[in-house]
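Beneath this line is the structure, given in structure tokens, with notes to follow.
Residue numbers (my numbering): 3 to 529.
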């Protein structure tokens, strides 16, 4: 039975605990809901909306302007420091008490003055001889500590209260004592002339002042220490709030040092939306521009070096041949006139090759320097291609090549310099003739797509690796120097073609799939 009771008690305790937990959770949830409703009502109220909009405006301006951010930070630091100063001043202030021993000299003088005035103004007094009236008045002061004398003008004591056993006072001595400064605790004497019913007399009043203790309370403020603490708080809050910006400025400064040391690839991280972010962006742009210019200068120097090397090589070979054959003729080292003519023909061909190389080099430099102006006209690209192909038919046939045309859009109009563009297609056709398998065919296609005229020239030849295809338009580049050492041409044809197409705002590129080599030209059409 006891075991059952214990189990029941345990179950009851567990149930009670669960109920209490549920009640607590319910109370917490109700409190949360109440707070949500309260804040929701405040947000939707006039002041709530105004505060919300003000906070958003401040936040946006802080993001955009470092000047505004510093103003807000300064204001926050000032307000917090101001309130802290008041709090610290109160906390550091101490209540002080000064205990003084004072004497009621003023009340003694006031009493003496009142007695003299009352006696002088008392109309019931009938002269100095009115003993009853005067003594009756003086009886009021019998129980005081004061000594009161009424004397005539010679100092003879006529009436007294608590006085000594003497009959006369030295008036001059009394006057002198009343005018002499004494210690606060010494007996004080006051002398007043009085008029008693027409009789003139003196009221002499002696009394020793009663000491009493007075406490003076004041607050001892430590304003200087509170001010120092407020300044320290101001500086601390300012440093804490601006610490992130200061670190970012240090990062920018460090980045500038790295860039200035020569690492132009380094970039400063761009954070935020304010002037400091703009500064970082400008530094990165500056580094990029410097890097691009330096790389361009390096490429230019490399280009000049390669150009000199290539030109020297391509000029030296035919020039050596010309000089060799002319030397043979000059020295008479030929067997007959036919051999001499052969030497002359070879020299003439090599000289012609030199002339073509120099002309191509001149044209390439002119195109590459962008110092050439185009005389553009609207041209039907299909008709233009047909005319160029027609002129090249004899050359193709001589090289055992068949030309196949596939023109889809025969009304594509492009704005080109016809004279310059003829050179492009002549170079491409010459390239196809030189490197095509013989016999074979060259396919020329033209179609329009998305506002651009696309021209494709395909021929079958030896496979060109991708890395070499990408260099086909480099000046003096040949896919296989050994195989092409005797091939006619300056090595500038494709480079010149690329410059001409790019001057027209177009694109030119090459692709090679197995043994099929394709050249693509893309030019914007005119509506």
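In this text, a Cβ means the ideal position worked out from N, Cα and C, and glycines have one as well.
Source: prediction; values computed, not measured.
Secondary-structure assignment with DSSP links residue 153 through a beta bridge to 159, 204.
Close CB contacts of residue 110 within its chain, under the 7 Å cut and outside five residues either way in sequence, are with 190, 209, 211 (chain order). When DSSP assignments are scanned along the region 56-103, the uninterrupted stretches of alpha helix (DSSP H) that are 4 or more residues long and fall wholly within it turn out to be 68-94. Distance check between residue 380 and each of 397, 421, 393, 179 places 421 closest, using alpha-carbon atoms only.
Closest by C-alpha distance to residue 285, out of 275, 273, 269, is 269. Straight across, the Cα-Cα distance linking residue 146 with residue 124 is about 21 Å.
Looking from the CA of residue 377, the closest CA among 418, 248, 114 belongs to 418. A contact between stretches requires three or more CB pairs, one per stretch, nearer than 8 Å, and the region 170-180 fails this requirement with the region 94-110.
Where residue 449 is concerned, the enclosing beta strand (DSSP E) starts and stops at 442-451.
When secondary structure is reduced to three states using DSSP, residue 249 falls in the helix class. Sorting 511, 518, 328 by C-alpha distance to the C-alpha of residue 525 places 511 at the top. With a 10 Å radius around the Cβ and a threshold of 16 neighbouring Cβ atoms, residue 423 comes out buried.
Secondary structure at residue 454: strand, using DSSP grouped into helix, strand and coil. Rounded to the nearest whole angstrom, the C-alpha separation of residue 263 and residue 438 is 53 Å. According to the DSSP secondary-structure assignment, residue 403 is paired through a beta bridge with 442. CA-CA distance, residue 178 to residue 156, rounds to 16 Å.
As DSSP reads the structure, residue 377 sits in no beta bridge. In terms of CA proximity to residue 251, 280 leads the group 499, 91, 280, 383. By the neighbour-count criterion, in which a residue is buried when 16 or more other Cβ atoms sit within 10 angstroms of its Cβ, residue 396 is exposed. Here residue 198 is bridged, per DSSP, to 201.
The DSSP-derived three-state label of residue 338 is coil.
With respect to the 8 Å criterion, residue 416 and residue 383 are classified as neighbours on the basis of their beta carbons. Taken through DSSP and simplified to helix, strand or coil, residue 494 comes out as coil. Scanning its chain for C-beta atoms nearer than 8 Å, with the 5 sequence neighbours on each side dropped, one finds around residue 68 the residues 247, 276, 277, 278, in chain order. About 12 Å separates the Cβ atoms of residue 474 and residue 494, ruling out a contact at the 8 Å cut-off. Residue 471 carries a helical assignment under DSSP once its states are collapsed to helix, strand and coil.
Scanning the region 211-298 for uninterrupted beta strand (DSSP E) segments of 3 residues or longer gives 213-222, listed from N- to C-terminal end. Boundaries of the alpha helix (DSSP H) harbouring residue 428: 420-437, taken from the DSSP string. By the neighbour-count criterion, in which a residue is buried when 16 or more other Cβ atoms sit within 10 angstroms of its Cβ, residue 217 is exposed. DSSP places residue 519 inside the beta strand (DSSP E), whose first and last residues are 518-526. Straight through space, the alpha carbons of residue 121 and residue 166 are spaced by roughly 22 Å. According to DSSP, residue pairing for residue 209 in a beta bridge involves 190. If you check the CB distance, residue 203 and residue 154 come in under 8 Å. For residue 512, the uninterrupted beta strand (DSSP E) run begins and ends at 509-515, by DSSP. In the DSSP assignment, residue 120 falls within the unbroken alpha helix (DSSP H) covering 107-123. Leaving aside the five residues that flank residue 228 on each side, the residues in its chain whose CB is nearer than 7 Å to its CB run, in chain order, 87, 90, 91, 94.
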